[in-house]
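Undergrad: All letters in the sequence shown, in the order written, are residues 89 to 426 by this note's numbering.
Glycine is no exception: its CB is placed at the ideal position from the N, C-alpha and C atoms.
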Amino acid sequence: MKGDDDYRGLGWAHGALTVQRLGAMLAPVTFLLADGRQVSPMHVAPWSHEPEAEALPGILRKLRGEWPCLPFGYSVPADGWPENWARVMGPPEPDEEIHGHCSNHDWAWCDSTGGALSLMLAYPQGSPVERVERTITPDPSGPAIDIEFKVVVRRACRLPIGLHPVFRLPGETGAATLELGCFDHGRTYPHDVEPGAALFARNETFADLTSVPARAGGVVDASHVPLAADTEELLQIDGLDGSVALANRAEGYRVKLSWQKEHFPSLLLWYSNRGRKAAPWNGRHVAIGIEPICSPFGLGPATALADNPIAQSGTATALEFLPERPFVTRYRIEASAL
Numbered sequence: 089m090k091g092d093d094d095y096r097g098l099g100w101a102h103g104a105l106t107v108q109r110l111g112a113m114l115a116p117v118t119f120l121l122a123d124g125r126q127v128s129p130m131h132v133a134p135w136s137h138e139p140e141a142e143a144l145p146g147i148l149r150k151l152r153g154e155w156p157c158l159p160f161g162y163s164v165p166a167d168g169w170p171e172n173w174a175r176v177m178g179p180p181e182p183d184e185e186i187h188g189h190c191s192n193h194d195w196a197w198c199d200s201t202g203g204a205l206s207l208m209l210a211y212p213q214g215s216p217v218e219r220v221e222r223t224i225t226p227d228p229s230g231p232a233i234d235i236e237f238k239v240v241v242r243r244a245c246r247l248p249i250g251l252h253p254v255f256r257l258p259g260e261t262g263a264a265t266l267e268l269g270c271f272d273h274g275r276t277y278p279h280d281v282e283p284g285a286a287l288f289a290r291n292e293t294f295a296d297l298t299s300v301p302a303r304a305g306g307v308v309d310a311s312h313v314p315l316a317a318d319t320e321e322l323l324q325i326d327g328l329d330g331s332v333a334l335a336n337r338a339e340g341y342r343v344k345l346s347w348q349k350e351h352f353p354s355l356l357l358w359y360s361n362r363g364r365k366a367a368p369w370n371g372r373h374v375a376i377g378i379e380p381i382c383s384p385f386g387l388g389p390a391t392a393l394a395d396n397p398i399a400q401s402g403t404a405t406a407l408e409f410l411p412e413r414p415f416v417t418r419y420r421i422e423a424s425a426l
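#1: Given S128, which residues of its chain have a CB within under 6 Å of its CB, disregarding the five upstream and five downstream residues?
#2: Cutting at 6 Å between CB atoms, please list the residues of its own chain near V343, excluding the five before and the five after it.
#3: Anyone know if the C-beta pair for P216 and C245 falls short of 7 Å?
#4: Any beta carbon of chain D sitting closer than 7 Å to that of E412?
#5: Comparing the CB of V164 with every heavy atom of the ligand COA, is any distance shorter than 6 Å?
#6: Is it buried or exposed for N172, if we count other Cβ within 10 angstroms and need 16 for buried?
#7: I need the straight-line Cα distance from P241 to A338, nearest angstrom please.
#8: Looking only at its chain, what residues have a beta carbon closer than 6 Å to the beta carbon of Q126, apart from the 5 residues adjacent to it on each side?
#9: Examine the Cβ distances between the stretch 205-221 and the stretch 383-394 and report whether three or more of them are shorter than 8 Å.
#10: Are the Cβ atoms of A285 and R303 separated by less than 7 Å?
#11: Got a sec, what are the start and stop residues for the beta strand (DSSP E) G377 sits in?
#12: Which of the three DSSP states is assigned to Q400 in this structure?
#13: Does DSSP put A264 in a helix, a strand or coil?
#14: Would you kindly report the start and end of the unbroken alpha helix (DSSP H) that includes N172?
#15: For D194, which residues does DSSP report across the bridge?
#16: Can you tell me where the alpha helix (DSSP H) holding R96 begins and where it ends?
#17: Going along the chain, which unbroken runs of the beta strand (DSSP E) with 3 or more residues stay wholly within the stretch 233-298?
#18: When burial is assigned at 16 or more other CB atoms within 10 Å of the CB, is Q108 buried or exposed?
#19: DSSP state of G137, grouped into three classes?
#20: Can at least three beta-carbon pairs, one atom from the stretch 408-425 and one from the stretch 290-302, be found at a separation below 8 Å?
#21: Looking at the structure shown, is A392 part of a helix, part of a strand, or coil, going by DSSP?
#22: Let me know if Y95 comes out buried or exposed under the rule of 16 or more other beta-carbons within 10 Å of its beta-carbon.
#23: So for I421, helix, strand or coil by DSSP?
#24: How should P145 be labelled, buried or exposed, when 16 other C-beta atoms within 10 angstroms of its C-beta is the threshold for buried?
#25: For H273, which option in A263, D280, V300, L251 has the closest C-alpha, if you only look at C-alpha atoms?
#26: Given a threshold of 16 other Cβ atoms within 10 Å of its Cβ, counted over all protein chains shown, does E379 qualify as buried or as exposed?
#27: Spell out the partners DSSP gives W155 in its beta bridges.
#28: What separation, rounded to the nearest whole angstrom, lies between the Cα atoms of L98 and K150?
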């Protein structure tokens with residue numbers, strides 16, 4: 089049963105936001121643009137208020153908006169994967185949780201100034217992570233939110249880490265555009281994200297988001313969303329400059345995400361496009377995840393620490409954490425009129 093303190097909100101001259109304790113997830117968010125219009129770019133899963141959702145894993149129960157993941161990803165069986173991936177993939181740990189402990193549990197509110205919301209979560213005693221902290225601060229000068237994520241560890245470790253913003257999409261096919269700028273290369277997923285819902289060719293590279301190799305041959309324009317096909321897909325983009333934007337042409341606004349590229353050298357694009365038919369998805373989930381990561385896709389700690397193909401190419405897939413030096417990263421979500 090949810091209590092009165094499971095959600096907190098902030099309003100400022102340029103918008104309003106809500107944060108929930110579960111996963112410390114940020115949404116809904118409303119930005120007031122310079123031209124006076126209000127826009128709400130963050131996604132909220134359609135089942136989040138359904139009674140059946142209470143039985144779901146923590147990360148899915150009230151899935152919404154943006155949150156941090158440590159360790160990022162989850163382990164999957166190596167059967168059927170390309171050899172250069174299968175040989176480095178390990179089984180899940182007994183206590184492994186999808187996208188880490190912080191994605192699945194209620195955080196605690198911390199004291200903060202009137203212009204910010206802060207939360208903290210202690211990790212289980214057996215984890216190398218002692219605690220994580222998160223502060224969400226609206227920009228008093230405009231329609232933007234600054235976020236800080238801090239990690240304190242008990243002992244030195246290397247872990248995959250990611251941020252997990254999920255953005256709402258318009259109803260019309262292709263009515264929003266992903267604006268990535270220049271990048272080194274992109275990779276398609278080396279297997280199927282969802283059986284029977286594949287769109288992209290397995291384990292291929294590409295240089296332009298408008299020309300992603302397709303499973304059926306030819307290429308797919310993956311820059312315009314939502315996609316026409318019912319699909320569930322992932323693309324990993326390496327070598328971005330630390331910023332990306334989503335231009336929602338149907339609603340006349342752009343939302344921009346910027347992050348510290350030295351912490352997150354890759355970007356994971358999660359195309360959730362009616363591809364998952366089982367509950368709670370029920371073929372109705374349409375959103376785009378735009379996720380800065382230091383991880384090989386979302387393949388879990390064992391693969392991230394191994395000599396996987398992405399690490400072999402020179403892109404880090406895990407970060408080093410030290411007890412004497414807490415890790416702090418900062419990132420920003422902002423909106424503007426098109």
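TA: On the basis of the data shown:
#1: P116, T118
#2: P129, L334, A423
#3: yes
#4: Going by chain labels, chain D is absent from the structure shown, which holds only one protein chain.
#5: Among the components of this structure there are no ligands whatsoever, and the ligand COA is therefore not found.
#6: exposed
#7: Sequence check: residue 241 is Val here, not Pro. Whole-angstrom Cα-Cα distance: 44 Å.
#8: T118, L120
#9: no
#10: no
#11: 374-382
#12: helix
#13: strand
#14: 171-174
#15: L110
#16: Premise fails: R96 lies in the beta strand (DSSP E), 95-100, not in any alpha helix (DSSP H).
#17: 245-247, 249-251, 254-256, 264-267, 273-276
#18: buried
#19: As written in the sequence, residue 137 is His, which differs from the Gly given in the question. In the structure shown, H137 sits in coil (DSSP, three-state: anything other than H, G, I, E or B).
#20: no
#21: helix
#22: exposed
#23: strand
#24: exposed
#25: V300
#26: buried
#27: Per DSSP, none; premise fails for W155.
#28: 19 Å
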